[in-house]
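Encoded as structure tokens, the structure appears first; notes follow it.
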Amino acid sequence: MDKDWNAPAGPEIEVPRRIKELREILGISAMDMAEDIDISGETYSGYESGKLDIPISAMYKIANRLGVDLTVLITGEDPRMETAGVCRRGKGVQVERYPGYEFSSLAYNFKGRTMEPLLVFLDPARESAAPVSHSGQEFNYVLEGTVKVKVGNREYTLEAGDSIYFNARLPHGQAAAGGPARFITIIQE
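In the numbering used here, the protein residues as written are 1039 to 1227.
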């Protein structure tokens, strides 16, 4: 694909632009894409236009349907590492696609990942995100602050050093409690 996906554009439109272009190259209609990832056409249109933030779980489904690694949607480049991928402090690729969360991909350059480790920053001043669900399992480890994790109908309060592992098919979400918080999440789809 010869397009320059790294051409200047605001961060709010880079990912949607890549998604739309890949979808069109593959000859998939927007309605078929929406149906394939199990969302309404209106919601999908909002994602692709940049009017709606794309939840990380939807980004996985879109990448899978398009037959690309999530890294391609985030950075416009294929991951390159096969033996080991090192991510230096502060060098993760930012994925800010969901209200209330700031994600930093920690393994974006490793080919064929079977899990997605992300550093997550929660700002209590930002609007909390609605619960999400996706296939697979999820692990959260709190680095600093206090994080309230809701899984299904239960809520867990985690402090620095605490962790939780859960079935990601259950509606779930995290929120900072009392101040900013940072945690590692590992998502296995």
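Quick reminder that beta carbons are idealized off the backbone N, C-alpha and C, glycines included. Please read all numbers here as calculations on a predicted model, not as lab measurements.
* In the structure shown, what three-state DSSP assignment does residue 1054 receive? -> helix
* So what's residue 1202 in DSSP terms, helix, strand or just coil? -> strand
* Unbroken stretches of the alpha helix (DSSP H), 4 residues or longer, contained in the stretch 1125-1184 -> none
* To do: Per DSSP, which residues does residue 1224 bridge with? Please list them.
  => 1155 and 1177
* If residue 1068 and residue 1086 are in contact, beta carbons under 8 angstroms, what's the gap, nearest whole angstrom? -> 7 angstroms
* DSSP three-state assignment for residue 1080, whether helix, strand or coil -> helix
* By DSSP, does residue 1193 sit in helix, in strand, or in coil? -> strand
* Please report the residue range of the beta strand (DSSP E) in which residue 1122 lies. => Looking at the DSSP string, residue 1122 is not in any beta strand (DSSP E), and its letter there is neither H nor E.
* Cβ-Cβ distance between residue 1218 and residue 1171 below 7 angstroms -> no
* Contact set for residue 1173: own chain, Cβ-Cβ below 6 angstroms, skip 5 residues either direction -> Around residue 1173: 1227.
* Do residue 1142 and residue 1150 come within 7 angstroms of each other at the CB atom, strictly closer than that value? -> Not in contact: residue 1150 and residue 1142 (Cβ atoms no closer than 7 angstroms).
* Report the rounded CA-to-CA distance for residue 1088 versus residue 1158, giving the unit in angstroms. => Going from the Cα of residue 1088 to the Cα of residue 1158 covers about 22 angstroms.
* Nearest CA to the CA of residue 1192: which residue from 1090, 1198 and 1202? -> Distance from the Cα of residue 1192 is smallest, within the candidate group 1090, 1198 and 1202, for 1202.
* Asked: Which of the three DSSP states, helix, strand or coil, is assigned to residue 1213?
  -> Strand.
* Asked: Mind checking whether residue 1102 and residue 1119 have CB atoms under 7 angstroms apart?
  -> No, the pair does not count as a contact, with Cβ atoms beyond the cut-off.
* Could you spell out where the alpha helix (DSSP H) holding residue 1111 opens and where it closes? => Here the alpha helix (DSSP H) through residue 1111 covers 1108-1113.
* **Beta-carbon spacing of residue 1196, residue 1180 below 7 angstroms** => yes
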